[in-house]
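**Q**
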Amino acid sequence: MTIPAQAIRHKYLRHNKKFPHVWCPGCGNGIVMAALLRAIYRMELSKDEIVLASGIGCSSRMPTYTDFNTLHTTHGRALTFATGLKLAKPSLNVVTIMGDGDATAIGGNHFIHAARRNLNLTAIIVNNSIYGMTGGQYSPTTPFGSKSTTSLYGHIEHDFSIAELAVTAGASFVARATVYHAALMDKLIEQAMRKRGFAVVEVISNCHVQYGRRNKLGGAVEMLKTYRDNAVTVKKAEKLSAEELAGKITIGVLTDREMPISTEEYKKVRQRANEAEGEL
Amino acid sequence: MISDLENKRLLLQGNEAVAYGALAAGCRFFAGYPITPATEISELLAAELPKVGGTFAQMEDEIASMGAIIGASLAGVKSMTATSGPGFSLMQENLGYACVAEVPCVIVNVMRGGPSTGLPTCPSQGDVQMARWGTHGDHPIIVLATSSVEDSFSITVKAFNLSEQFRVPVIILSDEVVAHTRECVQLPELKRIRIVDRIRPSVPPDWYKPYEGDNRGVPHMAAFGDGYRHHVTGLIHDEHGFPTQKENEVLHFQNRLTQKITRGFPEIMMTRNFMLEDAEVAVIAYGSVARSAYKAVEDARKQGTKAGLLQLITLFPFCRSQVTPVLEQCRAVLVPEMNMGQISREVQRVNQGKSIVVKHNRIDGNFITPQELYTQLVKL
Ligand SMILES: Cc1ncc(C[n+]2csc(CCOP(=O)(O)OP(=O)(O)O)c2C)c(N)n1
Ligand code: SF4
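If you're matching them up, the sequences are chains A and B in order. Position 224 (the first sequence) corresponds to 224 in this note's numbering; numbering is contiguous. Position 10 (the second sequence) corresponds to 1010 in this note's numbering; numbering is contiguous.
1) Bridge partners of R1112 of chain B, per DSSP?
2) Ordered along the chain, which non-local residues of its own chain (more than five positions away) have a Cβ less than 7 angstroms from that of L224 of chain A?
3) Taking 7 angstroms as the cut-off, does the CB of C27 of chain A come closer than this to any heavy atom belonging to ligand 2?
4) What residues in the stretch 189-200 of chain A have a beta carbon less than 9 angstroms from any beta carbon of chain B?
5) Opposite P1243 of chain B in the DSSP bridges: which residues?
6) Are the Cβ atoms of T67 of chain A and G1227 of chain B separated by less than 8 angstroms?
7) Using a Cβ-Cβ cut-off of 6 angstroms (strictly less than) and excluding sequence neighbours within five positions of D1238 of chain B, which residues of its own chain qualify?
8) To the nearest angstrom, how far is the alpha carbon of M1066 of chain B from that of G1096 of chain B?
9) Could you check where the alpha helix (DSSP H) with C1184 of chain B kicks off and where it finishes?
10) Is the beta carbon of T134 of chain A within less than 7 angstroms of some heavy atom of ligand 1?
11) What number of angstroms, rounded off, separates the C-alpha of R9 of chain A from the C-alpha of N29 of chain A?
12) Between C1099 of chain B and ligand 1, is the CB less than 7 angstroms from at least one heavy atom?
13) For Y266 of chain A and chain B, any beta-carbon pair shorter than 8 angstroms?
14) Within 8 angstroms, do at least three Cβ pairs link the stretch 1108-1123 of chain B to the stretch 1064-1078 of chain B?
15) Is the closest heavy atom of ligand 1 to the C-beta of N128 of chain A under 7 angstroms?
16) For H281 of chain A and F173 of chain A, which I take to be in contact (beta-carbon distance under 8 angstroms), what is that distance rounded to the nearest angstrom?
17) So, under 8 angstroms CB-CB, S59 of chain A and M98 of chain A are touching, yes? Tell me the CB distance rounded to an integer number of Å.
18) Considering only C-alpha positions, which residue in the set A:L254, A:I50, A:K195 and A:H15 is nearest to L165 of chain A?
19) Taking the Cβ atom as the reference point for each residue, do N109 of chain A and K86 of chain A lie within a distance shorter than 8 angstroms?
20) Beta carbon of N1339 of chain B, beta carbon of G1126 of chain B: below 8 angstroms?
21) Taking 8 angstroms as the threshold (beta carbon to beta carbon), is L87 of chain A in contact with chain B?
22) Within 8 angstroms of any Cβ in chain A, is that where the Cβ of I1069 of chain B sits?
23) Start and end of the beta strand (DSSP E) containing F1029 of chain B?
24) I'd like the list of long-range same chain contacts for R38 of chain A, defined as Cβ closer than 7 angstroms, with 5 residues on each side in sequence excluded.
25) Quick one: list the residues of chain A neighbouring Y1097 of chain B, beta-carbon separation under 9 angstroms, in chain order.
26) With burial defined as no fewer than 16 other Cβ atoms inside 10 Å of the residue's Cβ, what is the status of S1148 of chain B: buried or exposed?
27) With 8 angstroms as the threshold, decide whether the Cβ of G55 of chain A is near any Cβ in chain B.
28) Beta carbon of G1026 of chain B, beta carbon of I1199 of chain B: below 8 angstroms?
29) Identify every run of the alpha helix (DSSP H) within the stretch 1071-1101 of chain B, keeping only runs that are complete inside it and at least 4 residues long; order them along the chain.
30) What do you reckon, are the CB atoms on V1358 of chain B and V1326 of chain B nearer than 8 angstroms?
31) Helix, strand or coil for K1359 of chain B? Go by DSSP, reduced to three states.
32) Just how far apart, CA to CA, sit G197 of chain A and A53 of chain A?
33) What's the gap between the Cα of D1197 of chain B and the Cα of F1265 of chain B?
34) Since R214 of chain A and P1050 of chain B should fall inside the 8 angstroms C-beta cutoff, what is the C-beta to C-beta distance between them, to a whole number of angstroms?
35) In three-state terms, what does DSSP make of G278 of chain A?
36) Give a single yes or no on whether W23 of chain A has its beta carbon closer than 7 angstroms to a heavy atom of ligand 2.
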């Protein structure tokens, strides 16, 4: 289904918010926002039932612009606020948006525990391999050897694979896309939002301003082309050796499994607590 | 279940009374992380909340606990967390968020000896100034101190009421002695307890300005999902909730945040007087230390010293209007604390030469006894 861009803009962007947004021209954040809005459009969800919660960072500015119940929390803590929201009012459809630093450095502990807890939440992580907002310091996903303002001589630490981390931590649904693969991203976000359980979509995105430039990766267009050239589907990746996979980006659904959801389980806890009360 | 306990005489510890107070006040969400001497609050609520349709969550740490109660409150549910010093330190950033986004919530800190892991789990009152100033930036906050099991119930109810009324986080400072002492109490009839709920918007969603103060300076609060879509942020924001750096909007916001509390002073500032009418010397005390002070004042009276006690229930905003008359009336005032002098500095600030302020401090992990205070009182 092709969706007219104007319909999305008119329906979901805030009219009373002062645009322009804070993002640099060509930043991948806009592509992610559009994909999210298209997914919501297709799902025909009411704007009143959606909460878009974020942490702090460039990508985390997204909720400000969209006409949902929006929550811009503290750095790394979006999932903790979202957990309270969801537990207190399970009827809300809660989506969190976080940067790689937000989700896996300062918020890393919350991320793995949210995956383990398995609330019915969607977590979109915009992975641009850098701390964009603070001006280009290395993040947990900055590749070994890369340059950043705090690794001028080459980065000596190793990077997290966020999606694989989410699988290991127990998320119900985990997928990866890049901002080049916008159509796939739409589909994956929709799948994640429909999934009953903790669903993660990692989106590889370009911060050509703070990361690309310093590492001679070109501008936004060149970085997107690299994503196109380096992406391999999950299916194809299964047939490749570790050496062949080096430097590649695996895209598609990494995991999709059924597990008890904690809000549903808590309903049973209430029942058992009342039964126990009756026996006293 | 809480409804089975009303009007009954019960042997409870302070922590249990806090938990029952929360249930009576309408708290239906609790998130916490275990720490002595606060854990019983979590344990009791883990057992009781599900029975009343509420939710208990044990989070991965206190940062998450604080985030979760803010989230639940934004969903329209009264929320609380409980911890001790180390956990309270971790909560500070999100506590500031609750101040700036004006999210009602209650935080219990059962104080133990610090700093750091400190003296687990000896009594202390070392977190008084942290409760006031622990999170960064100028911010409004209410801090209450409980001194007994009975207090722990009623002050917790009061904490929720103030929090809902002013849309401000309220901190309850308890201490190891109050938390673990068992006393006989009678819980009031539930329907006789005054319960305050946040005011929800009455205007249609299109007219709603989520951060426009009413005549009290407090904005009306819609829950997420109720049709009043709005933005909540820790950034300084305009009346629509959107970030702003415009001087006039920033100033307007900051002033409103402070003034909503200033205007509420008469309701917020709570104290108790004991034998103050003709007192020539007085004790100003709070928390478990106030209990020792009652006895010391009685004993001093028997010996012929005209002593009195001003017990502070509200520590912040500091009860200047109740403390000043005592300073004007009394020749000398004793401020005993299980810290190096965190409230005595407030008393001194208000004193301005009116009276002689004498500190009495203990930081060795021991409780301040009535005998100790008596000895000090009769010397004044
Ligand atoms: C507690 C705290 N520490 C540090 C910061 C400063 N800070 C703001 S955004 C950010 C990193 C953002 O990077 P990322 O999460 O990857 O998002 P991006 O900006 O790249 O989208 C940092 C360190 C903060 N706001 N709060
Ligand atoms: S700094 Fe990077 S991540 Fe931030 S808006 Fe600019 S391009 Fe995007």
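Glycine is no exception: its CB is placed at the ideal position from the N, C-alpha and C atoms.
**A** Looking at the atomic coordinates:
1) B:P1123
2) V179, Y180 and N206
3) yes
4) none
5) B:H1237
6) A quick correction: the sequence has Asp, not Thr, at residue 67 of chain A. Contact: no.
7) T1244 and E1249
8) 10 angstroms
9) Note, C1184 of chain B: premise wrong, no alpha helix (DSSP H); beta strand (DSSP E) at R1182 to Q1186.
10) Yes, ligand 1 has a heavy atom inside 7 angstroms of this Cβ.
11) Counting only the Cα atoms, N29 of chain A lies some 15 angstroms from R9 of chain A.
12) Answer for C1099 of chain B: no, Cβ out of range of ligand 1.
13) yes
14) no
15) Taking 7 angstroms as the cut-off, the C-beta of N128 of chain A counts as close to a heavy atom of ligand 1.
16) No answer is possible for residue 281 of chain A: the residues shown for chain A start at 1 and end at 280.
17) 7 angstroms
18) Nearest option by C-alpha distance: A:L254.
19) no
20) yes
21) So yes, L87 of chain A belongs to the interface.
22) So, interface residue.
23) Element bounds for F1029 of chain B: F1029 to G1032.
24) I3, I8 and D186
25) T73, T74, R77 and F81
26) buried
27) Under the 8 angstroms criterion on CB atoms, G55 of chain A is classed as non-interfacial with respect to chain B.
28) no
29) 1085-1100
30) no
31) strand
32) Whole-angstrom Cα-Cα distance: 17 angstroms.
33) 19 angstroms
34) No, R214 of chain A and P1050 of chain B are not in contact; Cβ-Cβ is about 52 angstroms, not under 8 angstroms.
35) helix
36) Result yes, Cβ under 7 angstroms from ligand 2.
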